[in-house]
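Asks: If you read the sequence shown in my numbering, its first letter stands for residue 608, the second for the next number, and so on.
Idealized CB from N, CA, C, for every residue including glycine.
Can you keep this structure in mind? I'll have questions shortly.
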Amino acid sequence: MEFSQEENNNLSLTKFESMLKTNNVLFFDSNEFENIIHHYLNQGKVALAKKAIKLGLEQHPSSIVLKLFKVEIFVFENKLKEANILLDELHNLEPTNEEVYIQKANILSKEDEHEKAIEVLKYALELAAESADLYSLIGMEYLFLDQFENARDYFMKCLDEDVEDYSALYNVIYCFDFLDQGTEAINYLNTYLDKNPYCEVAWHQLGRQYFELELYSKALDAFDFAIISDDTFVGAYLEKGKVLEKLKRFNEAIENYSITLKLEDPTSFALLRIGNCHEKLGQEDLAVQYYYRTVHEDPLLDKGWIAITKFYTKKKNYQKALYYINKAINIDSENVIYWKLYAQINHKLNFLEEAERGHKRAIELGNYELDTWLIRADILKELGEAEAATFNLIQAAEFYPENAEIEFRLAGLYFTLLETEKATYHLKNAMRFNAEHVIILEELFPEVYHSTTVKRLLTN
């Protein structure tokens, strides 16, 4: 009775693990050790791989392959000096072994010597019987150097060797995307599909390129072909749903998103998009149900909390909107968008102190939009905090110099504080920057605007 290769590997693994539980040392041929080590490395079980390498070299001290595995472990543990010493020994023993050069290039790459790594890998190409893996490694080194055209060309060589190397295909398109070469990517994908017409990955990538160029009809066709090639391809249904949304075919979009819920565990993205489609169709009860499911499925997805908060804000149900944005902030208090919504909702409810707190927190988190500064200043003024409002606006002026909206507010505040010299200075600045914004002074500071002093300054 003959065993398959897989069965032999399983028997070797069982035998090896049984041996580890006893004090008995069993014999394995070098190929068995190679398969055992390879299995453990693929499983991420480095400690077991190291044990297998140690025992393997005790039984087969001259095995180059087992020593190369030892080099791989050295590199993994960042013991680059030890790895280089062992590689030099192996190079003296087998100067034409391309694996020695691959490991040498791996070390150079870890040392950020990517140009040298590429030179070594290109030399290994001359020795190798099969070149696809080497092309891929060279492509990755070029990516580290941000040389996207060179990287793209080497990943293309991978696909010339193996048309089903989808990892290389993704990398080719990544390079096209980075180079902003959408048309070139489309041409390449169409040529590729002539050779591999039932490749769902290529159709999916082609659809994405058409989508970016707003060629929605072509994108739809590409995603349909991806689904024909593999009717369980979740990514194609999701992308097709996005296209249908752009075309305002919301019911069809819902159908495609819903298919993904049956093929895999529900994703927060699909649930959110379904909710959004229902809202666009005016089906508010269904929309909010899916928004609830979205935040339940992934509480960390800010788009879910934002959607449900904005849903209630549009309905002017500010209490519920506030409830959900508070829940969102409790989960992620560093999210600027949450704090801006918190501020806006509290402002609607006339909770001015909380509204000001929201804008202040947004600024602290790096939201330096002009409106954030201006609205905060206006709220501080309403709260009777004129000095705090001026300090806020002076900070804003550092980001927005020569801004009339800021200067008119500063003028009004300083007149209110009876600091006439500062007020006059800012009023003159404001008039010089954009006199039409004087309406700000009239609306926010009517008493100041109608005062004799200000009227005289405005007419001079």
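Indicate whether E852 and R815 have their beta-carbon atoms separated by less than 8 angstroms.
Replies: The residue labelled residue 852 in the question sits at position 245 within the sequence shown. The residue labelled residue 815 in the question sits at position 208 within the sequence shown. Not a contact, by the Cβ cut-off of 8 angstroms.
Asks: Measuring CA to CA, which of L741, Q890, A914, Y930 is closest to S875?
Replies: By one-based count along the sequence shown, residue 875 stands at place 268. Per the Cα distances, A914.
Asks: Roughly how many angstroms lie between the CA atoms of K1062 and T1031, to the nearest whole one?
Replies: Here residue 1062 is taken as the residue at index 455 of the sequence shown, counted from 1. Here residue 1031 is taken as the residue at index 424 of the sequence shown, counted from 1. Each residue's alpha carbon lies about 12 angstroms from the other.
Asks: Residue range of the alpha helix (DSSP H) that H667 falls in?
Replies: Position 60 of the sequence shown holds residue 667. Looking at the DSSP string, H667 is not in any alpha helix (DSSP H), and its letter there is neither H nor E.
Asks: At the level of alpha carbons, what is the spacing between N778 and E1012?
Replies: Within the sequence shown, the letter at position 171 stands for residue 778. Within the sequence shown, the letter at position 405 stands for residue 1012. Cα-Cα distance, rounded: 48 angstroms.
Asks: Among the candidates Q650, F830, K658, N642, whose CA atom is the shortest distance from the CA of V632?
Replies: If you number the sequence shown from 1, residue 632 lands on position 25. If we check each option's Cα against that of V632, K658 comes out closest.
Asks: Between the region 935–950 and the region 906–920, do three or more beta carbon pairs fall short of 8 angstroms?
Replies: In short, these stretches touch, since the Cβ pair count reaches three.
Asks: Note down the Cα distance separating S738 from E705, rounded to an integer number of angstroms.
Replies: Stepping through the sequence shown from its first residue, residue 738 is reached at position 131. Stepping through the sequence shown from its first residue, residue 705 is reached at position 98. Distance between the alpha carbons of S738 and E705: 10 angstroms.
Asks: Between F683 and D978, what straight-line distance do the alpha-carbon atoms span, to the nearest angstrom?
Replies: Here residue 683 refers to the residue found at position 76 when the sequence shown is read from its first residue. Here residue 978 refers to the residue found at position 371 when the sequence shown is read from its first residue. If I take the Cα positions, the gap works out to 51 angstroms.
Asks: Whole beta strand (DSSP E) runs in the region 977–1047 with 3 or more residues, listed along the chain?
Replies: Segments of the beta strand (DSSP E) lying fully in the region 977–1047: there are none.
Asks: Take the Cβ of I745 as the centre, count every other Cβ of all protein chains shown within 10 Å, and call the residue buried at 16 or more, exposed below.
Replies: Taking the sequence shown and counting its residues from 1, the one referred to as residue 745 is at position 138. Looking at its Cβ environment, which holds 16 or more other Cβ atoms inside 10 Å, I745 is buried.
Asks: Whole angstroms are fine: how far does the CA of N803 sit from the CA of L879?
Replies: Taking the sequence shown and counting its residues from 1, the one referred to as residue 879 is at position 272. Taking the sequence shown and counting its residues from 1, the one referred to as residue 803 is at position 196. The straight-line gap from Cα to Cα measures roughly 34 angstroms.
Asks: In its own chain, which residues sit with a C-beta less than 8 angstroms from the C-beta of F610, not counting the 5 before and 5 after it?
Replies: Within the sequence shown, residue 610 is the residue found at index 3, counting from 1. Because the pLDDT at F610 is just 36, under 50, the model does not fix this residue reliably, and the value given afterwards should be weighed accordingly. Contacts found: L618.
Asks: Using the rule of at least 16 other Cβ atoms within 10 Å of the residue's Cβ for burial, across every protein chain shown, is G574 buried or exposed?
Replies: Nothing in the structure corresponds to residue 574, since the chain is present only between 608 and 1067.
Asks: My parser needs the alpha helix (DSSP H) runs of 4 or more residues fully inside the region 830–866; what are they?
Replies: Here the runs fully enclosed are 841–853.
Asks: Okay, do the region 744–760 and the region 778–792 touch, 3+ Cβ pairs below 8 angstroms being the bar?
Replies: With the cut-off at 8 angstroms, the region 744–760 and the region 778–792 touch.
Asks: Taking the alpha-carbon of F635 as reference, which of L1024, V653, K628, I660 has the nearest alpha-carbon?
Replies: Within the sequence shown, numbered from 1, the residue matching residue 635 stands at position 28. Selected option, being the one with the closest Cα: I660.
Asks: Which whole runs of the alpha helix (DSSP H) in the region 735–823 are 4 residues long or more, in chain order?
Replies: Complete alpha helix (DSSP H) runs here, min 4: 739–751, 755–768, 773–785, 789–802, 807–819.
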